Each structure stands twice: as structure tokens, then as C-alpha cells.
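Residue numbers for the sequence shown follow my numbering, beginning at 1 and rising by one.
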Amino acid sequence: MWNKTRFLLLTGVLSAVIASPALAQDAFNDALIAAYQKNPRLEAQRESLKAVDESVPQAYSGFLPTVTADFITGGQTTEFNGGQTTEFNGGPSKDSHTETRQLRVSQPLFRGWRTFSGVDRAKFLVKAGRADLHDVEQQVLLDAISAYMDVLRDRAVLALSKKNEEVLGKQYDASAERFEVGEVTRTDVAQSEARRSRSQTDTIQARGALASSRANFIRVMGYAPENLPTPANTPVLPDKLEEAIEIALASNPGIISARNRQLSSEEDSDISFGQLLPELSLEASMSEQEGLGSAGNADLNEDQITLNARIPLYQAGAEYSRVRESKKRASQRKYELQDREREVREAVTQAWENWQTSNATIKSTQDSIRAAEIALDGVRQEQLYGARTVLDVLDAEQELFVSRVNL
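Now the structure itself:
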């Protein structure tokens, strides 16, 4: 009973989803998903991040011991120049076989805090790499949105151009017929023919622009666009410019990347300074040697454990120079972060103003289209009564066509 109820519930939910207008977004969402999953630029950045991730275990290796094993085997020939044979060597020469087996363990104890700084530096670089990936993701998705909308735009412009060509073609045919009966002059016919030829050029250009947009769509998404619907929904944007700037300064990937690179450069300074400090390590080794001595009949076993301290006294000034260099690099990264924040603030302001301008332009263009439609209808009526010329009708049709293309 429960399974049946659950099945009916799920069926009802799916039916509601299928019937919802949100499914008009499916093709648009599929395009974004394809770009996110298959875009080669994004795949390259993902592989780059995986490479950066490996810097963390590399930095952690400074805490861990190193273990090495050596095995040496070979032969030895001993010659006695005196030429006297004794019971000890059995003759003037002696062949023997030697083997050496050695195991060494080295455990770092203190490296001037370089290991700690190296781990922190690697973590900051990983965070910066993730921010770089997010930045590329946003760029790729923006390219995908632009490519999708460019196809819709150029497809609409091509349809308008074809319709305009058809209308002007009929206008030319009508002018030619009226010229035959003496109602219009040859000039009117020539004007109609010129506008028809111009409309044909507009159609050719629109077809080329659509082909270019389709090629860009294939580059970004990886498949050809076919029957793309217009997205039903638009994203929710901030209400005020200040709010948009605040969001960008807090979450813009470029700023996050620059901030983490600045922090990593500070760790670089600590790493450089750590090279001026003492180092302490624990060394242990086990060694077995067989076949030693002139007769090859001696063995040697040796175990050793030592505490090694290395104290730098004078390093020709190079390490001090590296410390100064790393501090300047850190200062450079700080100013780069400030510059990036200003760039983002400027970009958000420009985007906001462009958005506001676009909204106002859309509204005014819609008003222009309504006015141009009324004007065209009036000019056509006045032409029937001889109050308007063919050129007036052609100008009104061109103005309406341009307004529709602009929208």
C-alpha cells in the first residue's frame, strides 16, 4: 500500500513539473551543462587545479622521514707480489665475493619553521587555484549564455530581414505595375528596386552573422544549436549598485585568488627566513658487509644513530637577499590585490549601468516600434490618396525594420 501511495505521489509531482513553464529552460540549462562538462578550456583548468593540489602532500613531506636502502655486490681479487705460497692464502692471488647491505632513516626535527610555512603556502595556493577555476567557470558559462543568446538574436534578425525583403519585393512589384499604368514615375520604381536590393544585402549579412554565431555556439557547447527556445526565466539581480559591489568584493573569484596569492607570498618570506635558522635531524643506519679483508673471510655489522645539527654561519649574503626579495614580492601581491578590487568595483559599476541603460533602451525601442507601426500604416493610407510618395512608404518601412532589429 505504501509503495503504491509513494508511486502515485511521485507521479503527481512529475506531472506538475512537466506541466510547469520552467521546462522551457531545459534547452538553455542543457546548453550550460554541456559547456560546464565538456568545454576544453574548463577541462584544462581542472587539470591545472589537480596539479596544484599535489603541492600540499609535497609540503607535508617535510614532516616525514626518508628511508633508503642500498645493496652492493661484487667480486674482489687480491694479488701477492712476493710470489710465495702460504697456507694462509693458498697461492700468489685470491678471489673473493663481497656484499654490502645498508638501511638508512632520516627524520627531520626542525627546519627553521620552513615546513610549517611551506604547508600553509601550499594551502593558500590551492585556494587560489580553486578561485581561478571558479573564475574560468564563470567565464565559460558567460560565453555559453552569450553564444546561446547570440544565436537567438541572429536567428530573429534573419527572420526580420527575410520578412523585410519579402515586403519590399512586393512593394517593388506593385510600383512596377503602377508604373505600367502611369500612376507612378520611373524614379519611384528605381527607389523601390534600390530598397529591395538593400534588403537582400541585409538578409545575406544576417545569414552570415547567424552562421558565425552557430560556429561560436559549437565551439563553446560542443554541439550544433537546433530550434533553441527563448529562456523563460532571468536571474534575480541585486536591488542597488552598492549591494552588487558588496557581493562582488566578497565573492569575486579574481579577488579571492589574488588574496590567497598575497597570503602565500607572505609564507614565502617565512620560508626564505627559515633558511637562516638552524636545522636538526635524527639519523639512523644499519649496515652489513660480507667478504671483507684480503682473504674475503671477514664480516662487518654496524648500527648507528646520530643527532645532527646544522647551524648556518655565513652564506655569502644570498639568503639575506632572498629574504628581502620575498618581502618585496609579498608587498607586490598586496598592491595587486588592491588593484584587483578596484577593477572589480569598476566592472560591477559598468555592468550595472549597462544593465540599466539596456532596460531603458528596450522600453524606448518598444515604444519606437509601436509608433513606427502606426506611422507606416498612416503613410500607406495617405499614399493611396496621393498625399504621400513611394519614398515616404519605403522610409517608414525601413524605420520600422531598424527598430525591430534594434530590439
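Here a beta-carbon is modelled for each residue, glycine too, at the ideal position from N, C-alpha and C.
Here the structure is a predicted model, which means the values were calculated and not measured.
Residue from the options with nearest C-alpha to residue i
| i | options | result |
| --- | --- | --- |
| GLY75 | SER251, VAL52, GLU99, TRP355 | GLU99 |
| GLU283 | LEU210, LEU103, LYS170 | LEU103 |
| GLY291 | ASP53, PHE28, ARG101 | ARG101 |
| SER192 | GLY182, GLU165, VAL181 | GLU165 |
| THR66 | THR77, ASN29, GLN107 | GLN107 |
| PHE116 | VAL56, GLN366, TYR148, ILE33 | VAL56 |
| SER265 | VAL119, PRO312, ALA176 | VAL119 |
| ASN29 | THR306, LEU228, THR68 | LEU228 |
| VAL189 | GLY62, GLU399, LEU391 | LEU391 |
| LEU277 | LEU109, ARG46, PHE71, ALA31 | LEU109 |
| THR230 | ILE72, ASN308, VAL151, ARG345 | VAL151 |
8 angstroms contact criterion, which residue i and residue j should meet: CB distance rounded
| i | j | result |
| --- | --- | --- |
| THR203 | SER161 | 4 angstroms |
| ASP268 | ARG121 | 6 angstroms |
| LYS38 | GLY222 | 5 angstroms |
| TYR148 | ALA31 | 5 angstroms |
Residue i to residue j span [Cα, whole Å]
| i | j | result |
| --- | --- | --- |
| ALA316 | ARG324 | 15 angstroms |
| ILE145 | TYR36 | 12 angstroms |
| THR389 | VAL184 | 9 angstroms |
| LEU407 | LEU376 | 18 angstroms |
| LEU417 | ALA209 | An answer regarding residue 417 cannot be provided, because it is not within the stretch 1 to 407 covered by the chain. |
| SER20 | ALA232 | Note on SER20: pLDDT 43, under 50, position unreliable in the model; no value is reported. |
| ALA128 | TRP355 | 30 angstroms |
| LYS425 | ILE255 | Outside the modelled stretch of the chain, which goes from 1 to 407, sits residue 425, for which no answer is possible. |
| ALA34 | LEU158 | 26 angstroms |
| VAL402 | ILE362 | 14 angstroms |
| ASP95 | ILE271 | 54 angstroms |
| LEU125 | LYS327 | 17 angstroms |
| VAL13 | PRO235 | Summary for VAL13: the model assigns pLDDT 33, below 50, so the residue's position carries little reliability, and this model does not support an answer. |
| ILE218 | ARG322 | 49 angstroms |
| PHE179 | VAL220 | 53 angstroms |
| ALA248 | LYS50 | 26 angstroms |
| TYR172 | ALA211 | 29 angstroms |
| VAL140 | ALA131 | 14 angstroms |
| SER68 | GLY274 | The question names Ser, but residue 68 in the sequence shown is Thr. Between THR68 and GLY274, the C-alpha separation is close to 26 angstroms. |
| ALA360 | ALA156 | 21 angstroms |
| GLN45 | VAL136 | 7 angstroms |
Coarse secondary structure for residue i, derived from DSSP in three states
| i | result |
| --- | --- |
| ASN301 | strand |
| GLU243 | helix |
| THR115 | helix |
| ARG104 | strand |
| THR5 | Unreliable placement is indicated for THR5, whose pLDDT of 41 sits below 50; no coordinate value is reported for it. |
| ILE72 | strand |
| THR185 | coil |
| ASN406 | helix |
| GLU87 | Note that GLU87 scores a pLDDT of 49, beneath 50, so its modelled location is shaky; the value from the coordinates is reported in the next line. GLU87: coil per DSSP, three-state reduction. |
| ARG324 | helix |
is_contact[residue i, chain C] using C-beta, thresh 8 angstroms
| i | result |
| --- | --- |
| THR73 | The chain labelled as chain C is not found in the depicted structure, where only one protein chain is given. |
- Query: Which runs of the alpha helix (DSSP H), 4 residues or longer, sit entirely within the stretch 206-294?
  - Reply: 241-251, 253-274
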